[in-house]
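Visitor: Okay, here's the structure, questions in a sec.
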Amino acid sequence: MGFSPLLLILCLLLSLPFSSSSPHNSLTKGSSLSVEKPDEDVLISENGIFTSGFHPVGDNAYCFAIWFTELLHNGYKTIVWKANRDKPVNGRRSKLSLLKTGNLVLTDAGELSVWMTTTNSNSSRKLKLRNDGNLILQTLDGVIHWQSFESPTDTLLPQQPLTKYTRLISSRSQTNYSSGFYQLFFDDDNILRLVYSGPEISSVFWPNPWDNSWQAGRSTNNNSKIAILYPSGQFVSSDSFGFLSSDFGTGPLRRLTMDVDGNLRVYSLDKTNSLCTYAHDSGRRCSCVPGYKMVNHTDWSYGCEPDFSLPCAREKSGFIQLRHVDFYGFDEGYYENYTVEQCEKEFFKFLPMQRVPIQIRQW
């Protein structure tokens, strides 16, 4: 009895290695992710919070990156890690491959290796994106041979340690993701420092280089050189430096980022249209902005939604001022020293059907 052509085709298809055409949370040996399918060839964590794949960084230029799955209001991604930030690959025929040797390799259109993990091992079987945003290369029994948490770029995620072997390096600008001039690292004296390392000069600027360590509240006695941002928003360093984020407490997704202006900041990714404050005696409190209501009255993490239908006519619309408020990720424009009336004109000029609070900044 012979095989039917249909059965033979099915057997051949089942024997082919996986090259994803739909989201997965892992990549197996002999498989690859293609730059030509940036929306399909991705890995997504089981909880859906993180996604990894090819991200455009310029004209026909891509980096393999990890980002929060939920996009900002303007459609931009919040990137938390990049494999090849200083060597973008071509938008055609580039791919990330887990070779049968166990090595994870990023190749360009000319099949030249741009980045690799150098993990040649027959036991390395799977690349997986974990729920904490850590991209790991592991064996079938769970032994980790490589992980993105050990090579941060400009961002630390909760529980991701900064060590004596790693540092955070800012991007060059808001639109240029290549390595910039500001760095967070542990110095030889065990102190966590910020340094400007430009093309011509390099200088430590935090803590004050003229102060002794004890004057800055630091300790040089602990040589473990480790710093961690905890999920609660608490940051702890082995040199006795630490702080609590302004929204300290469980709930928001956070990241610690070395920003392009030389400031180290903690960001919280929360749902839209709500105002949150933090007080040490009562903790985190939120409220909806006027005209909005809670999506879920038992859980603030769902945020707020409009309690009205926004008319497109100027005469049917009104504006309010919310002082000391910043809606991160919602800036459609930045106008210094604008009056409220000028901001209203800009609103109707560019955003006639906006359904979220427009941000007005007056300094």
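Taken in order, the sequence shown gives residues -21 to -1, 1 to 342; the numbers are from mature numbering (1 follows the signal peptide of the UniProt record, and there is no 0). Glycine residues also receive a C-beta, built at the ideal position from the N, C-alpha and C atoms. Note that the structure is predicted; figures quoted are calculated from it, not measured.
Suppose contacts are defined by Cβ-Cβ distances below 7 Å. Is Val59 in contact with Arg234 by that definition?
Guide: Their beta carbons are under 7 Å apart, which means Val59 touches Arg234 by this criterion.
Visitor: In this structure, does DSSP put Gln139 in helix, strand or coil?
Guide: Here Gln139 sits in coil by DSSP.
Visitor: Am I right that Ala206 and Pro140 are in contact with their C-beta atoms under 8 Å? What's the rounded C-beta distance?
Guide: Correct: roughly 7 Å between the Cβ atoms.
Visitor: Using only alpha-carbon positions, find the residue among Lys61, Leu116, Asp168 and Gly212 that is nearest to Ser192.
Guide: Comparing Cα positions, the closest option is Asp168.
Visitor: Which of helix, strand or coil does DSSP assign to residue 348?
Guide: The question about residue 348 has no answer, for the chain in this structure spans -21 to 342.
Visitor: I need the DSSP call for Phe160, collapsed to helix, strand or coil.
Guide: In this structure, Phe160 counts as strand in the three-state DSSP scheme.
Visitor: So the candidates are Pro17, Gly27 and Pro67; which of them puts its Cα closest to the Cα of Asp38?
Guide: Of the listed residues, the one whose Cα sits closest to Asp38 is Pro67.
Visitor: Can you give me the C-alpha to C-alpha distance between Ser181 and Gly112, rounded to a whole angstrom?
Guide: Cα to Cα, the separation comes out at about 32 Å.
Visitor: Please state if the CB of Leu106 and the CB of Leu6 are separated by a distance shorter than 7 Å.
Guide: Going by C-beta atoms, Leu6 is nearer than 7 Å to Leu106.
Visitor: Helix or strand or just coil, what does DSSP make of Lys107?
Guide: Note: Lys107 maps to strand in three-state DSSP.
Visitor: Do you know offhand how far Pro17's Cα is from Ser225's?
Guide: Computed Cα separation, rounded: 36 Å.
Visitor: Tell me where the beta strand (DSSP E) around Tyr175 begins and ends.
Guide: Where Tyr175 is concerned, the enclosing beta strand (DSSP E) stretches over Leu171 to Ser176.
Visitor: Nearest chain D C-beta to Asn101 closer than 7 Å, yes or no?
Guide: No chain D appears in this structure, which consists of one protein chain only.
Visitor: For Ile148, is the classification buried or exposed, using 16 other Cβ atoms within 10 angstroms of its Cβ as the cut-off for buried?
Guide: Buried.
Visitor: Determine, using beta carbons only, whether Thr145 and Pro131 come nearer to each other than 7 Å.
Guide: Contact: yes.
Visitor: Assuming Phe29 and Phe43 are in contact, meaning their beta carbons sit under 8 Å apart, how far apart are those beta carbons, in whole angstroms?
Guide: About 14 Å; that fails the 8 Å criterion.
Visitor: What does the alpha-carbon distance come out to for the pair Asn242 and Val174?
Guide: Using only the alpha carbons, I get a separation of about 11 Å.
Visitor: Looking at C-alpha atoms only, which residue of Lys272, His276 and Thr318 is the closest neighbour of Asp286?
Guide: For the residues Lys272, His276 and Thr318, the minimum Cα distance to Asp286 belongs to Lys272.
Visitor: Using three-state DSSP, classify Val183 as helix, strand or coil.
Guide: Three-state DSSP puts Val183 in a strand.
Visitor: Please report the distance separating the alpha-carbon of Phe326 from that of Glu15.
Guide: Computed Cα separation, rounded: 37 Å.
Visitor: Are the CB atoms of Leu114 and Ser31 within a distance shorter than 7 Å?
Guide: Yes, the Cβ-Cβ distance between Ser31 and Leu114 is below 7 Å.
Visitor: So, helix, strand or coil for Glu284, using DSSP?
Guide: Strand.
Visitor: Can you give me the C-alpha to C-alpha distance between Lys324 and Val21, rounded to a whole angstrom?
Guide: Their backbone Cα atoms lie some 41 Å apart in a straight line.
Visitor: If we ignore side chains and look at the alpha-carbon of each, how far apart do Asn187 and Asp240 end up?
Guide: In a straight line, the C-alpha of Asn187 is about 17 Å away from that of Asp240.
Visitor: Does DSSP put Lys324 in a helix, a strand or coil?
Guide: Three-state result, Lys324: helix.
Visitor: For Ser176, which residues of its own chain have a beta-carbon under 7 Å away from its beta-carbon, when the five flanking residues on both sides are left out?
Guide: Result list for Ser176: Phe160 and Gln162, in chain order.
Visitor: Using three-state DSSP, classify Ser127 as helix, strand or coil.
Guide: Three-state result, Ser127: helix.
Visitor: Run through the DSSP bridge pairs and tell me what Ile299 is partnered with.
Guide: According to DSSP, which records beta bridges pairwise, Ile299 is partnered with nothing at all.
Visitor: Identify which residue in His3, Arg72, Asn69 and Thr97 has its Cα closest to the Cα of Thr80.
Guide: Selected option, being the one with the closest Cα: Thr97.
Visitor: Taking the beta strand (DSSP E) that Gln213 falls in, what are its first and last residues?
Guide: Its beta strand (DSSP E) spans residues Gln213 to Ser216.
Visitor: List the endpoints of the continuous beta strand (DSSP E) containing Tyr41.
Guide: Counting along the chain, the beta strand (DSSP E) containing Tyr41 begins and ends at Ala40 to Phe47.
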